[in-house]
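Below: the structure, in structure tokens.
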Amino acid sequence: MKRRTLMKLTAATSLALSMMHGPAFADAHVDPIVIGAVAPKTGPLAGGSTVSHWPNIALWAGQINARGGLNVGGTMHPVEIIEYDDQTNPGETIKAVQRLATQDEADFILAPYGTGLNIAAAPIFARYGYPQITSTAITDQVAELSAQFPNMFFTLGGSKGLAEGAVEVLVNLRDAGDIGSKVAMVNVADAFGIELAAAARPALEAAGFDIVYDSSYPLGTQDLSPVVKGAANAGPDAFLAWSYPGDTFALTELSQIEGMDVKVFYTAVGASFPAYYGRFGAAAENIIGAGGVNADSQAFQDYRAAHMAATGAEPDYWASAMMYSSLQVLEQAIEGAGTIDRAVVSQYIKDNAFETVVGTIDFDAQNNNASFWTVGQWQDGVFRGVASTGREGAVDVKIKTGWE
Amino acid sequence: MTLPDWKTVGGAAVLFGLAALLPYSGSGYYLGLGITIAMFAVLATSWALFSGPTHYISLATAAFFGVGTYVTGLGFEALPYWTLPLIAGVAGAVLAGLVGLATLRLSGVYFVIFTLGLAELVRQIITWSQNRSGQKGLYVLTDMTEAGIYWQLLGLAAAVFLAGWLIARSRLGFALRIIGDDETVAAHSGINTALAKVLLFMVSGGVAAMVGAILAPRFVYIEPSLAFAPILSFQVVIMALLGGTGRLWGPLVGVIPFTFLLEAIASNFPNQTTLALGVAFLVIVYLLPRGFVGLIEDAKARMRRTEGAL
Chain A
0 MKRRTLMKLT
10 AATSLALSMM
20 HGPAFADAHV
30 DPIVIGAVAP
40 KTGPLAGGST
50 VSHWPNIALW
60 AGQINARGGL
70 NVGGTMHPVE
80 IIEYDDQTNP
90 GETIKAVQRL
100 ATQDEADFIL
110 APYGTGLNIA
120 AAPIFARYGY
130 PQITSTAITD
140 QVAELSAQFP
150 NMFFTLGGSK
160 GLAEGAVEVL
170 VNLRDAGDIG
180 SKVAMVNVAD
190 AFGIELAAAA
200 RPALEAAGFD
210 IVYDSSYPLG
220 TQDLSPVVKG
230 AANAGPDAFL
240 AWSYPGDTFA
250 LTELSQIEGM
260 DVKVFYTAVG
270 ASFPAYYGRF
280 GAAAENIIGA
290 GGVNADSQAF
300 QDYRAAHMAA
310 TGAEPDYWAS
320 AMMYSSLQVL
330 EQAIEGAGTI
340 DRAVVSQYIK
350 DNAFETVVGT
360 IDFDAQNNNA
370 SFWTVGQWQD
380 GVFRGVASTG
390 REGAVDVKIK
400 TGWE
Chain B
0 MTLPDWKTVG
10 GAAVLFGLAA
20 LLPYSGSGYY
30 LGLGITIAMF
40 AVLATSWALF
50 SGPTHYISLA
60 TAAFFGVGTY
70 VTGLGFEALP
80 YWTLPLIAGV
90 AGAVLAGLVG
100 LATLRLSGVY
110 FVIFTLGLAE
120 LVRQIITWSQ
130 NRSGQKGLYV
140 LTDMTEAGIY
150 WQLLGLAAAV
160 FLAGWLIARS
170 RLGFALRIIG
180 DDETVAAHSG
190 INTALAKVLL
200 FMVSGGVAAM
210 VGAILAPRFV
220 YIEPSLAFAP
230 ILSFQVVIMA
240 LLGGTGRLWG
250 PLVGVIPFTF
260 LLEAIASNFP
270 NQTTLALGVA
280 FLVIVYLLPR
290 GFVGLIEDAK
300 ARMRRTEGAL
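Going down the list, the sequences are from chains A and B. When we follow numbering that gives the first Met the number 0, the leftmost residue of the first sequence carries the number 0, and every step to the right adds one. When we follow numbering that gives the first Met the number 0, the leftmost residue of the second sequence carries the number 0, and every step to the right adds one.
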């Protein structure tokens with residue numbers, strides 16, 4: 000009796016499942032293009048990947064299949080996404096990419112999430128000849144990596160560019176007479192925060208700034224008020240925090256409570272999140288941070304609307320658009336090359352420029368996208384790009400006037 | 000050595016010889032699984048060498064493993080490659096020796112807590128020195144292949160099994176079994192309990208560091224949060240206990256099914272991996288309280304009974 004109920008249930012479930020899959024593969028004669036995706040759904044990086052990585056994959060696959068699929072040499076092929084959770088563990092990333100390449104026989108595999116996981120997976124991508132278009136790997140070793148892994152591409156830029164972008168904003172403000180030359184700087188003592196601070200220090204000194212406060216704090220620390228008080232007491236004109244999302248929010252909140260009297264307030268990762276403005280509202284006005292987009296461009300406006308319609312959430316103003324642009328590069332390369340031959344597609348990516356939501360992406364000889372946004376600023380509730388290494392649409396930076 | 004000894008050694012050698020042929024299967028996928036199995040087999044077996052007889056639960060595997068990856072990360076450009084696992088082994092053993100001297104006079108829960116904190120301590124020291132120097136992650140760009148890594152791990156596994164087999168038959172092994180049964184009795188019998196425990200802990204720590212050194216080229220990019228991930232320590236303990244720590248081969252029979260179970264869960268439940276893993280643990284503990292060793296020994300005992308009845 001019980002068994003029969005179970006069988007009925009199974010039959011009903013499989014029928015329901017086949018109906019759900021039905022419309023996407025209506026044309027039974029065309030094989031779908033199988034695309035693998037590996038990124039954290041659990042573990043320390045899951046918070047970031049569920050905001051800026053996974054929603055873009057769902058959005059992109061939905062858009063492709065809604066228009067009938069990818070046009071490969073005149074035939075429309077729907078895409079089928081196979082997803083795996085790497086638990087923010089490089090060993091799992093390697094295993095999952097290997098599984099996609101050999102067991103699932105994926106036609107293409109999307110680059111994983113984050114610097115460490117992307118680089119750990121690079122040897123496997125290279126061995127099976129998959130192009131790896133990274134959108135969340137930040138490294139200053141692009142030359143070495145692309146020499147060893149010829150089909151690995153980089154779009155997000157390096158920490159040097161990001162830090163120097165922030166310094167450039169300060170230089171422009173000082174030259175305009177808006178700020179003095181006293182800078183307070185703090186960093187989270189973890190990978191990216193350390194690297195940004197290390198790049199910023201010489202750049203600030205070379206530009207003639209006076210670093211009146213320079214301190215670091217451990218990742219995950221609960222009490223940041225000594226750091227904020229110390230920085231405020233040094234009487235700086237500008238406050239720079241090379242921070243991660245958790246401490247970005249905490250530092251901003253404490254500075255607001257402290258009423259830190261600065262004309263420039265910068266926090267690194269997390270400042271571009273819609274939730275940041277959601278949390279601080281008007282107090283976030285004129286805060287600057289890492290990243291940015293050409294928020295007023297039609298391409299970004301359309302992307303933002305589609306992202307909200309498809310996933311119910313806003314994209315952030317940095318990594319989300321970069322991630323989506325890497326998918327656009329892959330899409331255009333497959334259609335442009337007219338084949339799913341991975342060697343041909345990889346070569347096509349190297350040889351051509353791509354129009355994406357962040358503007359034109361044209362990889363240099365080291366597979367690097369040299370044009371990226373470095374600094375953005377909250378202006379009227381939108382995080383607009385104010386400095387970049389060669390992107391169009393930068394708006395003028397404004398100085399911060401209080402916390403109201 | 001007696002004839003049964005030669006049979007044991009010979010049988011093990013044949014099994015290792017067969018395992019060494021895996022890279023020739025041509026499947027990168029199974030080679031990848033083979034590396035995972037070899038890695039956890041070495042870690043779990045060396046863990047059980049110490050924790051099996053003494054019943055001290057060590058959660059320090061990630062600390063030693065991380066130290067090993069950093070030895071390779073810092074040294075691979077300056078030193079010949081083959082020296083790195085050896086240096087890592089020495090570094091791991093020295094660290095284990097220091098920790099052991101400080102903590103192995105403690106017992107029970109104090110030791111567990113300290114070993115758990117050790118990985119975090121070493122990680123914070125490395126982070127601190129990075130913060131001082133401005134140096135971020137290390138890039139280990141080598142031309143080491145997966146097959147090369149697999150063979151190194153397999154060789155290390157053979158060494159660990161041989162060492163474990165020899166220790167079990169030595170005075171040290173005997174002393175450890177007595178310590179495990181009753182430490183007071185052991186001390187009264189004239190056994191230097193602290194020395195015996197520290198020695199074994201050094202073996203276990205050195206081996207874990209060697210595994211880290213061998214695997215560093217596979218991860219390519221070394222940073223503290225990845226090298227010292229605490230989950231590794233727990234995975235090793237779970238696999239060893241699932242197999243059973245009473246026999247030298249016990250952890251191995253835990254590692255193999257566990258790796259396939261993890262793989263099956265990861266590929267079939269991409270959105271509920273952690274949940275499925277938790278359910279699997281509950282089922283295992285409920286159905287196999289003595290691990291796979293218990294299961295195998297029950298089966299043996301049943302067979303003997305059946306033979307007796309005939």
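From the three backbone atoms N, C-alpha and C, an ideal C-beta is built for every residue, glycine too.
Test item: CB-CB of I210 of chain A and V182 of chain A under 7 Å: The criterion of a C-beta distance shorter than 7 Å is satisfied by I210 of chain A and V182 of chain A.
Within-7 Å CB hit, Y83 of chain A to chain B: With 7 Å as the cut-off, Y83 of chain A counts as an interface residue toward chain B.
Contact with chain B by S296 of chain A, beta-carbon distance below 7 Å: Interface criterion not met: the Cβ of S296 of chain A is under 7 Å from no Cβ in chain B.
Interface residues of the segment 94-113 of chain A facing chain B [CB-CB below 8 Å]: Under the 8 Å Cβ criterion, the segment 94-113 of chain A contributes K94, A95, Q97, R98, A100, T101, Q102.
Contiguous alpha helix (DSSP H) assignments of at least 4 residues, all confined to the segment 27-66 of chain A: Correct list: 45-51, 53-65.
Proximal residues, the segment 132-156 of chain A versus chain D, C-beta separation under 8 Å: Considering every chain present, this structure includes no chain D. Its protein chains are A and B.
Own chain partners of A62 of chain B with C-beta closer than 6 Å, once the 5 adjacent residues on each side are dropped: If we look at A62 of chain B and ignore the five residues flanking it on each side, its Cβ neighbours are L117, A118, V121.
Any chain B beta carbon closer than 7 Å to I210 of chain A: Output row for I210 of chain A: interface = no.
Pairwise C-alpha distance: N130 of chain B and V292 of chain A: Spanning the two alpha carbons is a distance of roughly 30 Å.
CA-to-CA distance, H306 of chain A to S215 of chain A, given in whole angstroms: Straight-line measurement puts the Cα of H306 of chain A at about 36 Å from the Cα of S215 of chain A.
Buried/exposed call for H187 of chain B, threshold 16 Cβ in 10 Å: Exposed, because fewer than 16 other Cβ atoms sit within 10 Å of the Cβ of H187 of chain B.
C-alpha gap between P235 of chain A and L218 of chain A, whole angstroms: Between the alpha carbons of P235 of chain A and L218 of chain A lies a distance of about 24 Å.
Close-in-space but distant-in-sequence residues of the same chain around A11 of chain A (CB under 8 Å, 5 per side omitted): Because the pLDDT of A11 of chain A is 47, which lies under 50, any placement of that residue in the model is unreliable, and the question is left without a value.
At least three beta-carbon pairs within less than 8 Å, the segment 90-100 of chain B to the segment 192-203 of chain B: Cβ pair count under 8 Å is three or more, so yes.
Cβ contact (3+ pairs, closer than 8 Å) linking the segment 184-204 of chain A and the segment 358-371 of chain A: Contact between the segment 184-204 of chain A and the segment 358-371 of chain A is absent, because fewer than three Cβ pairs lie under 8 Å.
Proximal residues to I398 of chain A (C-beta, below 6 Å), its chain only, five neighbours per side dropped: Within the same chain, Cβ atoms closer than 6 Å to the Cβ of I398 of chain A are found at D177, K262, the five residues on either side in sequence being excluded.
Within-7 Å CB hit, A45 of chain A to chain B: So, not an interface residue.
Q425 of chain A in three-state terms, based on DSSP: No information on residue 425 of chain A is available, as it lies outside the stretch 0 to 403 that chain A covers here.
Sequence-distant residues of the same chain with beta carbon closer than 6 Å to K299 of chain B, five excluded per side: For K299 of chain B, where only same-chain residues beyond five positions count, there are no Cβ hits under 6 Å.
7 Å Cβ cutoff met for T71 of chain B and A212 of chain B: Cβ atoms of T71 of chain B and A212 of chain B: closer than 7 Å.
7 Å Cβ cutoff met for R259 of chain A and T154 of chain A: Here residue 259 of chain A turns out to be Met, not Arg, going by the sequence shown. No. Outside cutoff.
M310 of chain B versus I333 of chain A - alpha carbon distance: Here chain B has residues from 0 to 309 only, and residue 310 of chain B is not among them.
Buried/exposed call for T258 of chain B, threshold 16 Cβ in 10 Å: Counting the other Cβ atoms within 10 Å of the Cβ of T258 of chain B gives 16 or more, which makes it buried.
Residue interval of the beta strand (DSSP E) (run including D139 of chain A): D139 of chain A -> no beta strand (DSSP E), and no H or E assigned at all.
6 Å Cβ shell around A157 of chain B - same chain, five flanking residues per side excluded: So the list reads F15, once near-sequence residues are dropped.
Identified DSSP bridge partners for I283 of chain B: I283 of chain B pairs with nothing; no bridge assigned.
Presumed contact (8 Å Cβ cut-off) between G242 of chain B and L251 of chain B, rounded CB distance: About 6 Å; that satisfies the 8 Å criterion.
Expected contact under 8 Å - CB spacing of G88 of chain B and A208 of chain B to nearest Å: For a cut-off of 8 Å, the C-beta gap from G88 of chain B to A208 of chain B is around 6 Å, short enough to register as a contact.
Interface residues of the segment 200-229 of chain A facing chain B [CB-CB below 9 Å]: Here the close residues are R200, S215, P217, L218.
C-alpha gap between R3 of chain A and S145 of chain A, whole angstroms: Its pLDDT being 48, under 50, R3 of chain A is placed unreliably by the model, and nothing is read from it.
Within-7 Å CB hit, P288 of chain B to chain A: No, no contact with chain A.
Coil, strand or helix - N367 of chain A by DSSP: In the structure shown, N367 of chain A sits in a strand (DSSP, three-state: E or B).
Segment limits, alpha helix (DSSP H) that includes E145 of chain B: Where E145 of chain B is concerned, the enclosing alpha helix (DSSP H) stretches over 145-167.
Near-chain A residues of the segment 251-270 of chain B (beta-carbon distance less than 8 Å), N- to C-terminal order: Residues are counted here when their Cβ sits less than 8 Å from a Cβ of chain A; for the segment 251-270 of chain B these are E262, A265, S266, P269, N270, given in chain order.
Interface positions of the segment 163-188 of chain A facing chain B (Cβ-Cβ less than 7 Å), listed along the chain: Per Cβ criterion, the list reads A188.
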